[in-house]
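These protein sequence lines are chains A and B, in that order. My numbering numbers the first residue of the first sequence as 3 and each following residue consecutively. My numbering numbers the first residue of the second sequence as 144 and each following residue consecutively. The block underneath contains the structure these notes are about, expressed in structure tokens.
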Amino acid sequence: MGLPNDTDSKLAAYAHPKRLVTTEWLAQHLGDNGLVVVESDEDVLLYDTGHIPGAVKVDWHTELNDPVTRDYVDGERFAQICGERGITRDTTVVFYGDRNNWWATYALWVFSLFGHADVRILDGGRAKWVAENREMTTEQPKPTAVDYPVVERDDTKIRAFKEQVLAHLGLDTSKKALVDVRSPGEYSGELLHMPDYPQEGAVRGGHIPGAASVPWARAAAEDATFKPRAELEAIYQQEQGLSSADDVIAYCRIGERSSHTWFVLTHLLGFSKVRNYDGSWTEWGNSVRVPIVQGSERGSA
Amino acid sequence: MTATLPPQLAELVDDFAGVGPKDRLQLLLELSMELPALPERYADAADTMEQVHECQSPLFLAVEVDPDAERRVHLFFSAPPEAPTTRGFASIMHTGLDGETAADVLAVPDDFYTALGLGEAVSPLRLRGMAAMLARIKNQVRAATAT
Chain A
3 MGLPNDTDSK LAAYAHPKRL VTTEWLAQHL GDNGLVVVES DEDVLLYDTG
53 HIPGAVKVDW HTELNDPVTR DYVDGERFAQ ICGERGITRD TTVVFYGDRN
103 NWWATYALWV FSLFGHADVR ILDGGRAKWV AENREMTTEQ PKPTAVDYPV
153 VERDDTKIRA FKEQVLAHLG LDTSKKALVD VRSPGEYSGE LLHMPDYPQE
203 GAVRGGHIPG AASVPWARAA AEDATFKPRA ELEAIYQQEQ GLSSADDVIA
253 YCRIGERSSH TWFVLTHLLG FSKVRNYDGS WTEWGNSVRV PIVQGSERGS
303 A
Chain B
144 MTATLPPQLA ELVDDFAGVG PKDRLQLLLE LSMELPALPE RYADAADTME
194 QVHECQSPLF LAVEVDPDAE RRVHLFFSAP PEAPTTRGFA SIMHTGLDGE
244 TAADVLAVPD DFYTALGLGE AVSPLRLRGM AAMLARIKNQ VRAATAT
């Protein structure tokens with residue numbers, strides 16, 4: 003089952019080449035049985051202004067988040083979201099979106115919590131597709147509803163909670179890594195109080211002790227594709243000293259930018275244990291008596 | 144609820160409140176397409192316009208207040224086409240407040256946008272961009288009318 007992999011040579015260099023497809027591959031496979039293309043954007047209206055023909059929309063905020071509890075949707079709701087979009091458990095799902103696929107990787111990460119096997123990202127996302135003058139339409143697809151099984155979400159492998167981050171602080175430094183993917187100003191703690199506006203913010207600024215500062219978008223090239231493997235290794239491994247055997251936790255403010263880094267470390271560089279801490283700074287920076295480091299140094303707990 | 148809103152804004156609020164969440168999104172999309180382009184005199188001035196950092200996408204805002212006794216407010220916005228939600232919010236402000244007097248603009252309740260019922264369709268988080276936009280407009284109106 004599932005569609006063939008894209009054998010493009012740039013993709014082949016990544017740890018899990020099957021997790022990406024090129025715009026050319028997608029253009030050739032649009033409409034294939036067993037494929038559903040999902041657009042996931044920061045802007046909730048962008049899909050409606052035009053999208054890849056046949057693509058359905060999944061909104062990270064109004065659809066993947068539980069509307070009441072700060073959590074993701076449950077298995078029942080997830081099954082409904084998939085089923086009404088024509089996604090079965092065996093469907094190859096290709097995600098794409100705006101802003102260097104920031105939200106597409108977030109959606110992919112949530113699908114991965116539910117163990118959906120064949121999930122892929124369109125390298126370059128919406129921007130590259132548009133830049134290549136490929137077909138876009140405002141026509142809404144009308145997928146035939148299908149059955150998607152109710153699967154329990156697995157929060158143990160790729161998701162981290164605050165208690166686990168606290169425990170992680172006590173691990174041997176040679177075996178662990180924390181990656182803060184926010185902007186340098188958020189990392190140092192300077193950026194917090196915004197005039198006139200409460201933000202989705204935190205009462206304390208800074209970062210989790212020991213965290214490396216690697217703003218998420220450093221993994222993206224000018225054309226919104228992922229940088230080639232060697233360039234990514236130069237950033238995460240050579241420059242930042244992370245190792246593929248490390249127990250890694252990535253975080254940002256609410257866990258969306260860090261899902262992009264989670265994708266890069268897991269699927270492009272082949273790190274074996276990477277978790278996304280979706281509580282991120284809006285939880286940590288508001289928590290009582292958790293350790294925080296301010297300034298540009300990593301610091302320690 | 145809409146008693147203290149300028150008439151155009153009150154009408155928009157009624158339009159939004161009168162339809163379901165999906166149609167509200169459609170309405171916002173239509174409004175996003177109606178946002179007027181910047182006038183010539185602002186064409187090169189996008190960097191001098193105030194940026195509302197809280198919006199998820201860049202939005203530039205300029206406010207002019209007539210020097211006469213009525214002190215009518217004129218609003219100018221610029222936001223990229225790939226940010227239709229931000230454009231939609233700006234268009235609500237433009238449709239609802241452009242040409243109103245400074246006093247009437249300042250009297251708009253800061254939380255008026257909750258009555259649009261967009262929380263479910265757009266998410267409360269995104270709606271904060273609109274709250275920030277109104278706050279910036281009011282600040283500029285206050286600054287312009289302070290003397």
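For each residue, glycine too, the CB sits at the ideal point set by N, CA and C.
- Task: Give the DSSP bridge partners of H53(A), in chain order.
- Result: T139(A)
*asked:* Could you tell me which whole beta strand (DSSP E) segments of length 3 or greater appear in the stretch 51-103 of chain A?
replied: 94-98
Exercise. Would you report the Cα separation of G56(A) and L48(A), rounded to the nearest angstrom?
Worked result: 15 Å
Contact list for L171(B) against chain A, beta-carbon separation under 7 Å = L47
Problem - Endpoints, alpha helix (DSSP H) assigned at E154(B) - result: P150 to A160
| message | Please tell me whether G127(A) and S42(A) are closer than 7 Å, where the distance is taken between their beta carbons. | response | no
Might you give, ordered along the chain, the residues of its own chain that have their beta carbon closer than 8 Å to the beta carbon of A160(B), omitting 5 neighbours on each side? A258, L259 and G260
Practice item. Taking C-beta pairs closer than 7 Å, name the residues in chain A that G231(B) reaches, listed in chain order. Key: L47
What ranges does the alpha helix (DSSP H) occupy inside the stretch 119-169 of chain A, keeping only unbroken runs of at least 4 residues that lie completely in it? 127-133
For a contact defined as C-beta to C-beta under 8 Å, what are the partners of T24(A) on chain B?
Under the 8 Å cutoff, chain B gives no residues; its nearest Cβ is about 22 Å from T24(A).
- Item | Straight-line Cα distance separating V23(A) from I123(A) | 6 Å
* Asked: Taking the alpha-carbon positions, what's the P150(B) to A246(B) distance?
  -> 14 Å
How many angstroms separate the CA atom of T292(B) from the CA atom of C254(A)?
What is shown of chain B runs 144 to 290, which leaves residue 292(B) out entirely.
Inset, instruction - Compare the beta carbon distance of L204(B) and R279(B) with 7 Å and say whether it is the shorter of the two. - result: yes
Do S260(A) and P217(A) have their C-beta atoms closer together than 7 Å? no
| request: Answer yes or no: does any C-beta atom of chain C fall closer than 7 Å to that of T51(A)? | output: This model lacks chain C altogether; the protein chains it does include are A and B.
ask   = Which residues, in chain order, does the stretch 214-225 of chain B contribute to contact with chain A at a C-beta distance below 8 Å?
value = P224 and E225
Margin query: Against R285(B), what residues of chain A qualify as contacts under a CB-to-CB distance less than 7 Å, listed in chain order?
Written below: Within chain A, no residue comes near R285(B); the closest Cβ sits about 12 Å away, beyond 7 Å.
What are the partner residues of Y253(A), as DSSP defines its beta bridges? D182(A) and Y279(A)
task = Taking all protein chains shown into account, decide if R285(B) is buried (16 or more other Cβ within 10 angstroms of its Cβ) or exposed.
result = exposed
Please return the same chain residues whose Cβ sits closer than 8 Å to the Cβ of T51(A), not counting the five positions on each side in sequence. T140
Checklist line | Alpha-carbon spacing of Y67(A) relative to A226(A), whole angstroms | finding: The sequence given here has Asn at residue 67(A), not Tyr. One C-alpha to the other measures close to 26 Å.
**Prompt:** Roughly how many angstroms separate the alpha carbons of A17(A) and L271(A), rounded to a whole number?
**Reply:** 5 Å
First through last residue of the alpha helix (DSSP H) which encompasses E41(A)
Here E41(A) belongs to no alpha helix (DSSP H); instead the beta strand (DSSP E) covers L37 to E41.
Helix, strand or coil: which one does DSSP assign to S215(A)?
strand
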